[in-house]
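The numbers in the sequence shown follow the numbering used here, run straight up by one, and end at 876.
Below: the structure, in structure tokens.
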Amino acid sequence: MSFRPTSAAAERSRMRLIVLQALVLSLFATLLVRLWYLQVASGDDYRAKAASQSVREVVVQPDRGLIVDAEGRPLVANRSSWVVSIDRTTLGQMSSDEQDVLLERVAKALHHKLKDVQGRLLNCGTEGSVAGTCWNGSPFQPVPVDDDVDQQTAQLIREQAEDYPAVVVQEQSVRAYPRPFGVEAAHVLGYLSPVTEDELTAAEKKHDLSVNGASQVGRAGVEKEYDEYLRGMPGYQHVAVDSKGRVLGESGRDDAVPGDTLVTSIDAKVQGVAESELHKAILAARLRTDRNGQHYRADSGAVVVLDAHTGRIVAMASEPTYNPGIWVGGITQKQLTHLYSEKAGTPLLARAMQGQFAPGSTWKPIMTVGALTNGMSTDTRLNCSPSVQIGNRAFGNYESESFGMIDFKTAITVSCNTFFYRVGLYFWQKYGSDPANENAKDPLVDEAKKFGFGKATGIDIPGEASGRIADRHWKRAYYDSMKNYYCKLEKHPGDASAFVRLFAREFCAEGYLYRAGDAANFAIGQGDTIVTPLQLARAYAALANGGTLYRPTVGKAIVDADGKLVKRIAPVAQAKVRMPKRILDYVRDAMNNVTLAGTLAGTFAGWPQDKVTMHGKTGTAEVYGKQTTGWVGSYTKDYVVVSMISQAGTGAGANSVVVRKIWDTLYGFGEDAASSKPAIPGVTESDSLPVFSPDGAILPPVRKEGE
């Protein structure tokens, strides 16, 4: 017997089916509505979000501003190069094996070691990171692993993008050195290196958008001093990538703003002559021998050329030097070690403004001003004997010459030491015969300080040395800092020489005393007083211009990429040396006589004194344990030229050719001269200056053999 549902049960079943159908239809309706909302109503928004997830922003470094000489000749420019970066975000989405394969492939293509590429991807401060190669920038920005790649390698990586996921290749500019007239000017120009973590943090606090993790910043020279102008403002390249990080193409760009151009006071013609002649003079000095038959070491030298009426640097050279191009693309540890090596002569040290040397007889004109403005007279006559006895020591002339009773003019002309020993002794006996009196008056020391010695000149290049005035206060301070050392050395001399043992004994007992011998040595630029070539040049400029001490400057103006004047760097008068005109004229006349009949007569033989009056002074400074340091200081109404070579013999013997070649170049005299007038016309006073293209027609840097 079959079972048939009642009409009531059938009705209930039908209702259930209707409810189920309604639920299913409502679910489908909800799904359709949602799909419509996502694809139609909100489709544009979601498509934009999806697109943004496939775009990477790559910082585009700006073209750094040019550095040009006073005539607009580029001293530092830019050349095109390529940078290869790795997107760590995309790299992190790959398996460990895939990462290893990619990094090996990148290292091989760039001719780097794998560990070096891996080191560049590490954030600075993390375990294993190395300062200078680690990454300081944003964790979301591609990290440069090589910023000076040749075009062939860069194009190879670009063309094989499928083999280089997460790798971004872009063109950029790096520093180039056109070297007009062979100029290097490494110590003046300076160099760049990657921004440090501290610098990046400081920039972020100041909201300085010109600095980012891939920035190169100035580390020395005018590159550092004027970094904020030269730097420019970075842009951004928007790069489309697929889900695996492969670059699909560029989707947009915010252009970078190039840095401003620095117009300097350097004249490339004069700078080139200064560098080449200094180098040749050092090589020539090494062929000569001293009194003991030993070849001169001639280990370093410097040249400074100043505009006497503004303090502007026309040329400044130092030896040893180096090719500034070695910093481009990252310097090697071997190269860096060489720059700091004492065996190599510490090429990174700028002797012109950081080297400190006893000035020798170039000091005598300054002492003459001090003596004549403090009681002595142009009629004063003192004995230029072969030697003078001071205490238990005979202080002699350099070559033991004797000229009898002479005045200041003759003493400067023949460079008589014993005359100036007596000048120093006169003021010591008059004001400070108590050697323990630290506050005794000393007119010669005071005069040296008025001429700016003993403190930095303020040149617009970082790292300048201050020199030293070895007066009574310095001697007491030095004694307090060194007495324990020398007193211990006296008790335990070990294998110290007899001279050192004697010095230690005397210093321990009374090294704080300022004796007559100290005053005598000070008057001839010997003893513990040291100056930089730049300081001496500035002091001689004051003699040339009537007593004004100018702040030495390399920068003259800042102009933007359109040639519009951004900033004019005006000369700054820092102080005025007060001296009667009759005394200034007397000293000038004496220094002119040096070039006519004195120790520089041979150097300036044939010089047109009737057209351009030349003044000068030689110096030969004796240094314990070393050969003599030679100086020549010279000036006209327009310029000052100072040349110094350490351990190279007499001043004129070592430096004559250097200074004469420079003077011939400045005034257009001689076979190598370029013009018949002073070479520096200066920046025009109009607000519109020449436009300098950051990358136009600039040759790659010329490297020295072996660099």
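Backbone N, C-alpha and C fix where the C-beta goes; we use that ideal spot for every residue, glycine too.
Assuming the contact rule is C-beta atoms closer than 8 Å, residue i and residue j should be a hit. Round their C-beta distance to whole Å, please.
i: Phe564; j: Ala790; result: In fact, because the Cβ distance is near 15 Å, the residues do not count as touching under 8 Å.
i: Val801; j: Val828; result: 5 Å
i: Ala425; j: Val237; result: That pair is no contact at about 21 Å.
i: Gln796; j: Tyr465; result: 6 Å
i: Val314; j: Val275; result: 7 Å
i: Trp251; j: Glu340; result: 6 Å
i: Ser445; j: Ile693; result: About 32 Å separates the two Cβ atoms, so there is no contact after all.
i: Asp232; j: Ser342; result: 5 Å
i: Arg707; j: Gly621; result: 6 Å
i: Gly514; j: Pro493; result: Actually they are not in contact, since the Cβ atoms of Gly514 and Pro493 sit about 17 Å apart, beyond 8 Å.
i: Pro311; j: Leu271; result: The Cβ separation is near 13 Å, so there is no contact.
i: Gly421; j: His407; result: 4 Å
i: Ala609; j: Tyr595; result: Actually they are not in contact, since the Cβ atoms of Ala609 and Tyr595 sit about 14 Å apart, beyond 8 Å.
i: Gly794; j: Ala823; result: Their Cβ separation, rounded to whole angstroms, is 19 Å, which puts Gly794 and Ala823 out of contact at 8 Å.
i: Asn305; j: Leu369; result: 5 Å
i: Val756; j: Val538; result: 6 Å
i: Leu541; j: Phe588; result: Actually they do not touch by this definition, with Cβ atoms about 13 Å apart.
i: Leu916; j: Arg257; result: This structure does not reach residue 916, given that the chain is present from 170 up to 876, and the question cannot be answered.
i: Ala454; j: Ala467; result: 4 Å
Might you give, ordered along the chain, the residues of its own chain that have their beta carbon closer than 8 Å to the beta carbon of residue i, omitting 5 neighbours on each side?
i: Asp841; result: Legend: pLDDT at Asp841 = 48, less than 50; position of this residue unreliable, value from coordinates given subsequently. Excluding sequence neighbours, Asp841 sits near Val442, Lys830, Asp833, Thr834.
i: Gly696; result: Ala527, Ala639, Asp687, Asn690
i: Val391; result: Ile236, Val357, Leu358, Gly359, Leu431, Thr433, Asp629, Ile630, Val723, Gly724
i: Lys846; result: With a pLDDT of only 38 at Lys846, under the threshold of 50, the placement of this residue in the model should not be trusted; the figure read from the coordinates follows. So the qualifying residues of the chain are Tyr836, Gly837.
i: Val583; result: Cys553, Glu570, Phe572, Ile575, Gly767, Thr768
i: Glu633; result: Met522, Gln523, Ala625, Thr626, Gly627, Thr701, Leu703
i: Gly288; result: Gly297, Ser298, Val299, Thr302, Cys303
Who does residue i pair with in a DSSP beta bridge?
i: Ser812; result: Val472, Val801
i: Pro243; result: Val237
i: Gln406; result: Val227, Arg422
i: His642; result: Looking at the DSSP assignment, His642 forms no beta bridge with any residue, so it has no partner.
i: Ser250; result: Gln341
i: Trp832; result: Answer is none; Trp832 lacks a bridge partner.
i: Gly686; result: Answer by DSSP bridge pairing: none, since Gly686 is not bridged.
i: Leu431; result: Ile236, Ile727
i: Cys553; result: Gly573
i: Lys393; result: Paired residues: none, contrary to the question.
i: Ile699; result: Arg637
i: Leu878; result: Absent from the model: residue 878. The displayed extent of the chain is 170 to 876, so no value can be given.
i: Trp532; result: Per DSSP, none; premise fails for Trp532.
i: Thr258; result: DSSP, once it has assigned bridges, lists no residue as partnering Thr258.
i: His784; result: Tyr804
i: Ile752; result: Per DSSP, none; premise fails for Ile752.
i: Ala790; result: Thr798
i: Gly387; result: Leu361
i: Arg877; result: One cannot answer for residue 877 here, as it falls past the ends of the chain, which runs 170 to 876.
i: Thr458; result: His464
i: Trp776; result: Partner(s): none; Trp776 has no beta bridge.
i: Asp664; result: Per DSSP, none; premise fails for Asp664.
For residue i, which residues of its own chain have a beta-carbon under 6 Å away from its beta-carbon, when the five flanking residues on both sides are left out?
i: Arg720; result: Gly480, Gly627, Val741, Gln743
i: Gln502; result: none
i: Arg670; result: Pro662
i: Gly851; result: Because Gly851 sits at a pLDDT of 34, beneath the cut-off of 50, its placement in the model cannot be relied upon, and the following sentence gives the value as read from the coordinates. Cβ within range, chain order: n/a, list empty.
i: Ala519; result: His356, Ser487
i: Asp423; result: Gly404, Tyr405
i: Ala437; result: Asp238, Arg242, Pro349, Phe350, Val352
With a CB to CB cut of under 7 Å and the five nearest residues on each side skipped, what residues in its chain are close to residue i?
i: Arg388; result: Gly359, Tyr360, Leu361, Ser362
i: Gly593; result: Leu613, Ala688, Ala689, Phe691, Ala692
i: Ala711; result: Phe620, Thr717, Leu718, Val746
i: Tyr567; result: Asn586, Thr789
i: Ile867; result: For Ile867, the pLDDT reaches just 28, beneath the cut-off of 50, and the residue's location in the model is therefore unreliable, although a value from the coordinates is still provided. Excluding sequence neighbours, Ile867 sits near Pro243, Ala246, Asn247, Arg248, Ala345, Pro347.
i: Met184; result: none
Ordered list of beta strand (DSSP E) runs contained in the region 561–606, each at least 3 residues: 562–565, 573–575
Inter-stretch contact (C-beta, 8 Å, three-pair minimum) for the region 781–799 and the region 753–769: yes
Any 3 or more C-beta pairs closer than 8 Å across the region 314–327 and the region 434–453: no
Validate contact between the region 502–519 and the region 323–341 using beta carbons, cut 8 Å, 3 pairs: no
Ordered list of beta strand (DSSP E) runs contained in the region 460–530, each at least 3 residues: 469–476, 482–488
The region 464–476 / the region 813–824 touching (three or more Cβ pairs under 8 Å): yes
Touching by the beta-carbon criterion (3+ pairs, under 8 Å), the region 261–276 and the region 344–352: no
Sufficient close CB pairs (3 or more, under 8 Å) joining the region 576–583 to the region 611–621: no
Contiguous alpha helix (DSSP H) assignments of at least 4 residues, all confined to the region 317–367: 320–328, 355–358
Inter-stretch contact (C-beta, 8 Å, three-pair minimum) for the region 455–463 and the region 480–499: no
Segment contact, 8 Å Cβ cut-off, at least three pairs: the region 599–614 with the region 675–683: yes
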